[in-house]
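Undergrad:
Residue numbers (my numbering), protein chains in the order written: chain E, 4 to 442; chain H, 4 to 442.
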């Protein structure tokens, strides 16, 4: 009988702030980082991998939070985890003492999500399937059994979820065939970082269109005149047929968001992302009501299913982002995808950072095959950074993510990456020129 | 010139689960704990004290999160903190890399709150005033300058806040006189823990009334028949003139809460606290709409001012709890108190745990003197546990908190407490009988 022997953690940081990659109105100098976790078994070569994503300082806090979950994992039979992915997640989320540190939000919830994701990675590896296929091959009953419906039943009951899943189950194999042939649409944020010059933005926007992307996204929120100029330049550059989204990264209050977005309304924005605090459900609803020409979205910082439920109930968003490493793992994202499908809200998964593309593609593809049944009216974010550190990196071709084929959740990093970027003792951080950035 | 030399932290835990003190429907076995912080200066005897409250496991994570803030404090001139309490708080909350770990919620936000509270403690000590008086003696302009209005201006602008504060400023000294003479009303949760027998509950309820309390609170949510029986027994025990509140500690979904509270409506409940997820603003509004006979409240886990703003905007609560150690310190609680005053919502501060009574009394008293101007229609929770560990413990007499007289925020623990209860190496945890609880 296979046992879980350890939950090993690694504080891995990439000095991305040196190049201003990833700069936006709220995050001027991120060092993309991962609190990385390996769920080790006593079977040689069989481990589960996961991580929480952070942007530098505090990645040590995130790593210690994962360590605090070790007693829920060490010594368990493997079957207690991979044979009961719903019960396993509920044991972590239901730890009453740790729950106080959220509840179901922030550092502790992201730590729980990383460990839950590692368990799903392990389960998919054992099944010999990429995670999207592992989920897609579950029966509706199996999928629903992984979800915690606490606080959800006023919007979605288990029976409703089953009815929804059964309705699309018969046509799963057709969608698997389509997914394998076509991939899943991607959009790119690479042209739009605030630290870039107009010329660099335009060059990258042209390259994005040439590469097959149908949607690009620009960061906004530092200066309204700059934003108007950059959006118009981008529209001139890509022409009328490419969607342009903007992302304010929570920069504004509700009143500011309304005034600012009205200034941008003549550029034909595909969506305005994170116009204000991710906690402000009623604020997003007010912005959406007062700026009807701009679709409104949020979600990458939306901390759990209860908040997504309310965004949908309040009619606060036209579309939504999900993030694979912010909420309580695959289980909670399945709940969110079901809620989105029930309310008819399109999902444009958040990615970028380090490894977020690798993770979230599986969720979007499982959603297409087994939950919403849709992919042509939505797209996964793509940023072409840091994929070389993963053993099974994403493949984006002609503006689409190709379906991963290797077993698991694509979360495993190379051993050489862990050694080189481990903070603070890896060579990437110990060289004298690096130390100043490590404050 | 006085400098801040260090931010020292201590993982302090009390083995309260051995006695079932503090047991409720969601927290069966809490070990009340503090991630305790000392902001040290180079002036002998002059330090600031603060803490985040947790219930056991994860207190190490909370402590490490406070450590992650040291670079914002070490080496600063004291004036940069105590002379600019608003700017200091904004520098902590605005650290873009650490902000990713919330934003403004969970472990990192509680850590920031602990450090901000230590700064206010230090400022009040230097002024030679208890914190409530230090706040009450601020001009309206000084008080407003400490508040971060980001994400608030659709509900409360700085100018509105100034107008509110000026309106009560002239009568401050009369209320100070009343506060010093009368104290501030308390209510007690001591009779109502779920782990207690009916007889113990009744005995403690009688003792509470004899001691002068006008409100008691019972924990509910494990079994509806038990709750109906215990509430009726309590009503028989205390008679018709004492208020009885109930607290479900987030046990229910929205539908369950409605059904359960309807069963309790004939006992005349003063308020039902935390009927569902603290994140579920629309859920609280639905419960309040569907159970009009029971006033609805939440707040002890409400993680920031944006959430309180929405509770008020949505009409989701009849009254609200605040917690001194959950949100971003004194500054954010001042914002919340101003919002509550503007929306006319009564505040019943959450306390208990370890040291929460000591802290929150200052905020309630400052609110009475300088913000809402009210105290007779509200009360501070009181639980008679663990006060002996504080140098300036609360004094509750005839059902009222007496106004603290010593300078500071009453947050300092005895050195002997830190030594004895320090986890995992203090004697309270190293004795063989204790080790089993420390899992």
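Each residue gets a CB set at the ideal place from its N, CA and C atoms; glycine is no exception.
All values reported here derive from a predicted model rather than from experimental measurement.
Within the same chain, show all residues whose beta-carbon is closer than 8 angstroms to that of residue 201 of chain H, passing over the 5 residues directly before and after it, in chain order.
TA: 232, 233, 236
Undergrad: Give the residues of chain E in contact with residue 30 of chain H, contact being defined as C-beta atoms less than 9 angstroms apart.
TA: 99, 100, 102, 103
Undergrad: Quick one: list the residues of chain E neighbouring residue 301 of chain H, beta-carbon separation under 7 angstroms, in chain order.
TA: The premise fails here: residue 301 of chain H is roughly 12 angstroms from chain E at the closest Cβ pair, so nothing lies under 7 angstroms.
Undergrad: Span of the beta strand (DSSP E) holding residue 238 of chain H?
TA: That residue, residue 238 of chain H, is in no beta strand (DSSP E); its alpha helix (DSSP H) goes 227 to 241.
Undergrad: Can you tell me whether DSSP reads residue 341 of chain H as helix, strand or coil?
TA: helix
Undergrad: Look at the Cβ atom of residue 100 of chain H, then the Cβ atom of residue 69 of chain E, and state whether they are nearer than 8 angstroms.
TA: no
Undergrad: In the DSSP assignment, find the beta strand (DSSP E) that holds residue 274 of chain E and state where it starts and stops.
TA: Going by DSSP, residue 274 of chain E is part of the beta strand (DSSP E) stretching over 272 to 276.
Undergrad: Which residue or residues does DSSP assign as beta-bridge partners of residue 301 of chain E?
TA: E:323
Undergrad: Does residue 433 of chain E pass the burial test, meaning 16 or more other C-beta atoms within 10 Å, or should it be called exposed?
TA: exposed
Undergrad: Which bits of chain H does residue 225 of chain E rub up against, with CB to CB less than 9 angstroms?
TA: Residues of chain H passing the Cβ test: none, with the nearest at roughly 13 angstroms.
Undergrad: Step through the CB atoms of chain E and report whether any lies within less than 8 angstroms of the CB of residue 58 of chain H.
TA: yes
Undergrad: Near residue 370 of chain H, which residues of its chain fall below 6 angstroms by C-beta distance, leaving aside the five closest residues on each side in sequence?
TA: 340
Undergrad: Just verifying my parser: in three-state terms, what is the DSSP assignment at residue 147 of chain H?
TA: helix
Undergrad: For residue 420 of chain H, is the classification buried or exposed, using 16 other Cβ atoms within 10 angstroms of its Cβ as the cut-off for buried?
TA: Residue 420 of chain H comes out buried.
Undergrad: What residues from chain H crowd round residue 285 of chain E, counting only those whose CB sits closer than 7 angstroms?
TA: 313, 316, 317
Undergrad: Relative to the C-alpha of residue 22 of chain E, which residue among E:198, E:65, E:9, E:49 is closest?
TA: E:198
Undergrad: Apart from the five residues just before and just after residue 247 of chain E, which ones in its own chain have a Cβ nearer than 8 angstroms to its Cβ?
TA: 218, 219, 220, 221, 234, 237, 238, 241, 270, 271, 272, 273
Undergrad: Mind checking who residue 132 of chain E pairs with in its DSSP beta bridge?
TA: Note: residue 132 of chain E sits in no beta bridge, so no partner.
Undergrad: Find the nearest neighbour of residue 250 of chain E within the set E:430, E:87, E:193, judged by alpha-carbon distance.
TA: E:193
Undergrad: Give me the DSSP bridge partner(s) of residue 104 of chain E.
TA: According to DSSP, which records beta bridges pairwise, residue 104 of chain E is partnered with nothing at all.
Undergrad: Any C-beta of chain E within less than 9 angstroms: which residues of the segment 401 to 420 of chain H qualify?
TA: none
Undergrad: Applying the 10 Å Cβ sphere with the 16-neighbour rule, what's the burial state of residue 14 of chain E?
TA: By the 10 Å Cβ count, residue 14 of chain E comes out buried.
Undergrad: Please list the partners that residue 65 of chain E has in chain H, where partner means a Cβ-to-Cβ separation under 8 angstroms.
TA: Per Cβ cutoff of 8 angstroms: 104.
Undergrad: Tell me where the beta strand (DSSP E) around residue 52 of chain E begins and ends.
TA: 50 to 57
Undergrad: Determine the chain H residues that contact residue 33 of chain E at a beta-carbon separation under 7 angstroms, and present them in chain order.
TA: 100
Undergrad: Does the separation of the CB atoms of residue 302 of chain H and residue 316 of chain H fall below 8 angstroms?
TA: no
Undergrad: Do you know how far the Cα of residue 423 of chain E is from the Cα of residue 414 of chain H?
TA: 43 angstroms
Undergrad: So, helix, strand or coil for residue 257 of chain E, using DSSP?
TA: helix
Undergrad: Is residue 53 of chain E a contact residue of the ligand FMN, with contact defined as CB to any heavy atom under 7 angstroms?
TA: The ligand content of the structure shown is nil, which means the ligand FMN is not present either.
Undergrad: Using a Cβ cut-off of 8 angstroms (strictly closer), state whether residue 437 of chain E contacts chain H.
TA: Because residue 437 of chain E carries a pLDDT of 49, less than 50, the predicted location of this residue cannot be relied on, and no value is offered for it.
Undergrad: Count the CB pairs spanning the segment 138 to 146 of chain H and the segment 78 to 96 of chain E that are closer than 8 angstroms, and state whether there are at least three.
TA: no
Undergrad: Is the Cβ of residue 377 of chain H closer than 8 angstroms to any Cβ of chain E?
TA: Judged by the 8 angstroms Cβ criterion, residue 377 of chain H is not in contact with chain E.
Undergrad: Name the residue from H:38, H:27, H:108 whose alpha carbon lies nearest to the alpha carbon of residue 307 of chain E.
TA: H:108
Undergrad: Compute the Euclidean distance between the alpha carbons of residue 258 of chain H and residue 278 of chain H, then round it to the nearest angstrom.
TA: 10 angstroms
Undergrad: Would residue 256 of chain E count as contacting chain H if we go by Cβ distances under 8 angstroms?
TA: yes
Undergrad: Rounding to the nearest angstrom, what Cα-Cα distance links residue 464 of chain E and residue 80 of chain H in this structure?
TA: Lying before the first or after the last residue shown, residue 464 of chain E is absent from chain E, which here runs from 4 to 442.
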